[in-house]
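Protein sequence lines, in the order shown, are assigned to chains U and D.
First residue of the first sequence: 40, per our numbering; consecutive thereafter.
First residue of the second sequence: 40, per our numbering; consecutive thereafter.
Think of the CB as a built atom: it goes at the ideal place given N, C-alpha and C, for glycine as much as any other residue.
I have placed the structure first, in the form of structure tokens, so that the comments after it can refer back to it.
2 protein chains.
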Amino acid sequence: MRIDLGFNPVPFDELQLRDRNVVVIDVLRASTTITVALSNGAREIIPVGSIESAVKISGSLFGEVTLRGGERNGKMIEGFNLGNSPAEYSESTVRGKSVIFCTTNGSVAMAKSRYARSLVIGSFVNLSTVVEALMEKKEDVLFLCAGRLNSQGQFSLEDAVCAGSMIHRLNEMDGLNPELSDSARAAVALHKAHGRSPLKLLKSTEHGMYLTEIGFAEDLKLCAAVDSVPVLPTMQGTSIKLRKANQEPIPTPPEQA
Amino acid sequence: MRIDLGFNPVPFDELQLRDRNVVVIDVLRASTTITVALSNGAREIIPVGSIESAVKISGSLFGEVTLRGGERNGKMIEGFNLGNSPAEYSESTVRGKSVIFCTTNGSVAMAKSRYARSLVIGSFVNLSTVVEALMEKKEDVLFLCAGRLNSQGQFSLEDAVCAGSMIHRLNEMDGLNPELSDSARAAVALHKAHGRSPLKLLKSTEHGMYLTEIGFAEDLKLCAAVDSVPVLPTMQGTSIKLRKANQEPIPTPPEQA
């Protein structure tokens, strides 16, 4: 089992990812929000890479069962129904609904990975559930951090630490002995340095401080709550749906031509 | 003083770097090789981003005082005089010579930074010299790691650890109190996890293992020898030349129109 990691999705091409098992990590906030929304009964999440795609797709869907959610610079997009705060995705709002989802970082990584061999959405709120699914599967995996695409370094410390916490758990597992890439080793070191208190970490990172500034301090608590939403969002066809932990194996799509 | 860091040069544009003080780190091996070459009396190093540029430029220079050096996949480029091993750049080979220098990762980062406000070449062999120059200057700085552009993650652990060792030293300095970006904080954590023994680190990283495989194990020892070549290569005009430590301040170019 080989574990690889990208600190942002930019170098990766949709075609390269076709044969990979991918875990997309966007702690603040896309991965967390999707996990919460599905846990609260949303039918599916359809991640898109641009506002244009969101508008195009929503034109062909039924208005009363479809919502548009997402953000630009952390704030709700004009004409959308929901922003990117997990607190907005309550059961009364999302139950039974399809959500077209467009964010600056996370949904870009997810849209790039849509044809991957398998795609799982990971964050602190479902950390152990993701780790258990990977342990069960025992296949090579690529952690794809969403990063901060609108910053020069395109790096997000909270995504790297969250991925590192998962890799650390896999690495400590008896008999698994995964081979780690340089970047996966780095993530483990970042987990050891900053993983003890996710809330303290989120309060200190660039994007965490930005979200606090624009009024989303409460979101940091939701996003830092390890294992508070123990479900496994996975790509199934063209949308992300829920698979309860240990219910069935992560689907491996049929051989793609 | 703000310290920022890029794990690879891909997201950065030449124009964005014009107002930045940049330290390019390519431990294995471009930064080390350039530092050794200049210390051994090379007149200047002209970093180029592609083999095409190298050929174009060398056509307009005098053959007997110009060498072409560099690598593709770690090996010497056909028609070049030298590869990218610091061991090749001995005094008898390089004294008084201009070297056109083209490598897969390091020279790309250097060519992108050629119009930066200032550009310093850093690695383990001149670690303290670089740190002292930055402490003296007390200006914002961007550490630009060369990374591994031909790998998917485009990340090189040894570059991140070396940059982290420098940032850690600046961070510990009395009265400096630099503000660190997420990526600069990550590099410090990587220094703490992996910086104790540079040689052990280099033997364990992806590129270090590759170089060992293709016969350059001895290079790892040269590249891991902290402060063994205490000089400061800086961009001066269009080429990299030597500034001895504490001899004169890093030149800040006149206001660019």
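(message) I'd like to know whether the C-beta atoms of N144 (chain U) and A185 (chain U) end up nearer to each other than 7 Å.
(response) yes
(request) Would you list, in chain order, the members of the region 191-206 of chain U that have their beta-carbon closer than 7 Å to a beta-carbon of chain D? (result) Q191, G192, Q193, F194, S195, L196 and A199
(request) Could you confirm whether any beta carbon from chain U is found closer than 7 Å to the beta carbon of P50 (chain D)? (result) yes
(message) Could you check whether V164 (chain D) and T74 (chain D) sit closer than 7 Å to each other, using their CB atoms as the reference points?
(response) yes
(request) Could you spell out where the alpha helix (DSSP H) holding P237 (chain D) opens and where it closes? (result) P237 to S243
(message) Quick check on DSSP: helix, strand or coil for P48 (chain D)?
(response) coil
(request) May I ask you to report which of helix, strand or coil DSSP gives F194 (chain U)? (result) coil
(request) For R41 (chain U), count neighbouring C-beta atoms within 10 Å of its own C-beta (all shown protein chains included) and say buried if the count is 16 or more, exposed if not. (result) exposed
(message) Under 7 Å, Cβ to Cβ, is there at least one residue of chain U near A150 (chain D)?
(response) no
(request) Taking L77 (chain D) as part of the beta strand (DSSP E), name the residues at either end of that continuous run. (result) No beta strand (DSSP E) holds L77 (chain D); the alpha helix (DSSP H) holding it covers A69 to S78.
(request) List the residues of chain D that Q55 (chain U) touches, going by C-beta distances under 8 Å, in chain order. (result) Q191
(message) Looking at D52 (chain D): is its Cβ nearer than 7 Å to the Cβ of S220 (chain D)?
(response) no
(request) Answer yes or no: does any C-beta atom of chain U fall closer than 7 Å to that of N112 (chain D)? (result) no
(message) Just to make sure I have the definition right: I need the residues of chain U whose C-beta is within less than 7 Å of the C-beta of R68 (chain D). Which are they?
(response) Neighbours of R68 (chain D) on chain U: none; closest Cβ ~16 Å, over 7 Å.
(request) Take L196 (chain D) and list the residues in its own chain whose beta-carbon comes closer than 6 Å to its own, dropping the five residues that flank it on each side. (result) T244
(request) Spell out whether any CB of chain U is found under 7 Å from the CB atom of L240 (chain D). (result) no
(message) So, at 6 Å on beta carbons, what are the nonlocal neighbours of K280 (chain U) in its own chain, with the 5 sequence-adjacent residues on each side left out?
(response) E83
(message) At the level of alpha carbons, what is the spacing between T71 (chain D) and E218 (chain D)?
(response) 28 Å
(request) Quick one: which residues of the region 216-236 of chain U get their C-beta closer than 9 Å to a C-beta of chain D? List them in chain order. (result) S220, D221, S222, A223, R224, A225, V227, A228, L229, K231, A232 and H233
(request) Mind checking which residues open and close the beta strand (DSSP E) that includes S267 (chain D)? (result) From DSSP, S267 (chain D) is part of no beta strand (DSSP E); its letter is neither H nor E.
(request) Please list, in chain order, all residues of the same chain as D258 (chain D) whose beta carbon is under 7 Å from its beta carbon, the five residues on each side excluded. (result) R68, S124, P125, A126 and L250
(request) For S220 (chain U), name the three-state secondary structure that DSSP assigns. (result) coil
(request) Say whether chain U places a C-beta atom closer than 7 Å to the C-beta of Q295 (chain D). (result) Residue placement at Q295 (chain D) cannot be trusted, given a pLDDT of 43 that sits under 50; the coordinates are not used to answer.
(message) Could you check whether I85 (chain U) and I372 (chain U) sit closer than 7 Å to each other, using their CB atoms as the reference points?
(response) Absent from the model: residue 372 (chain U). The displayed extent of chain U is 40 to 296, so no value can be given.
(message) In whole angstroms, give me the CA-to-CA distance for L54 (chain U) and N112 (chain U).
(response) 28 Å
(request) Measuring only between beta-carbons, confirm whether E91 (chain U) sits less than 7 Å from chain D. (result) no
(request) Using a cut-off of 8 Å between C-beta atoms, extract the partners of R43 (chain D) located in chain U. (result) In the sequence as displayed, the identity of residue 43 (chain D) is Asp instead of Arg. Simply Q191 and G192.
(request) For chain D, find out if any of its Cβ atoms is closer than 7 Å to the Cβ of E211 (chain U); answer yes or no. (result) no
(message) What does the alpha-carbon distance come out to for the pair T105 (chain U) and T168 (chain U)?
(response) 28 Å
(message) Does R57 (chain U) come out as helix, strand or coil in the three-state DSSP assignment?
(response) helix
(request) Under 7 Å Cβ to Cβ from H207 (chain U), same chain only, skipping five residues before and after it: list those, please. (result) V227 and H230
(message) With H, G and I counted as helix, E and B as strand and the rest as coil, what does DSSP make of Q286 (chain U)?
(response) Because the pLDDT of Q286 (chain U) is 48, which lies under 50, any placement of that residue in the model is unreliable, and the number read from its coordinates should be weighed accordingly. Of the three classes helix, strand and coil, the one that applies to Q286 (chain U) here is coil, per DSSP.
(message) Can you check which of these residues, U:L56, U:A264 and U:N60, is closest to M174 (chain U) by C-alpha distance?
(response) U:N60
(request) Using a threshold of 7 Å, state whether the C-beta atoms of G234 (chain U) and V200 (chain U) are closer than that. (result) yes
(message) Distance cutoff 7 Å, beta carbons only. Does E175 (chain U) sit that close to anything in chain D?
(response) no
(request) Specify the secondary structure class of A296 (chain U) as computed by DSSP and reduced to three states. (result) Because A296 (chain U) sits at a pLDDT of 37, beneath the cut-off of 50, its placement in the model cannot be relied upon, and the point is left open.
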